[in-house]
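In this note's numbering, the protein residues as written are -1 to 120.
Note that the Cβ used here is the ideal one computed from N, Cα and C, for glycine as well.
Model, not experiment: these values are computed from the prediction.
Accompanying notes for the structure given below.
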């Protein structure tokens, strides 16, 4: 990983924004994908078909969330707040997808556990 700084002016105030670059190997991405797929398979097949709608809704959320982040960064944060090129929002797409997938992988077993503890299937 590497760290760099970029001077920016926000509402007339000069600041220095730190940028970080983290490189994740292909092997780690494969492991992350296997873990997420395993959680989905566990929740849908082993724990019952009622979790299929939960998995499907989380997948839709994983697709929508990075798109929303992209729009926010492209049209507001980068050009208006940070004074950076709007196109720099494309750089954040993989990070936002990874964040959404991590959230889904963590939320799925928690929701399944809470459903079973509460005795509901909704």
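Under the three-state reduction of DSSP, residue 5 is assigned to strand.
Taking all protein chains in view, the Cβ of residue 9 is surrounded by fewer than 16 other Cβ atoms within 10 Å, so the residue is classified as exposed. In the displayed model, residue 13 falls within a strand according to three-state DSSP.
The straight-line gap separating the alpha-carbon atoms of residue 27 and residue 105 is approximately 19 angstroms. Straight-line measurement puts the Cα of residue 4 at about 35 angstroms from the Cα of residue 58. Contact between residue 68 and residue 34 fails: their C-beta atoms lie close to 21 angstroms from each other, not under 8 angstroms. Between the beta-carbon of residue 80 and that of residue 11 there is about 12 angstroms, and that puts the pair past the 8 angstroms contact cut. The continuous alpha helix (DSSP H) containing residue 97 extends over residues 91 to 116. Looking at the backbone, the Cα of residue 99 and that of residue 82 are separated by about 27 angstroms.
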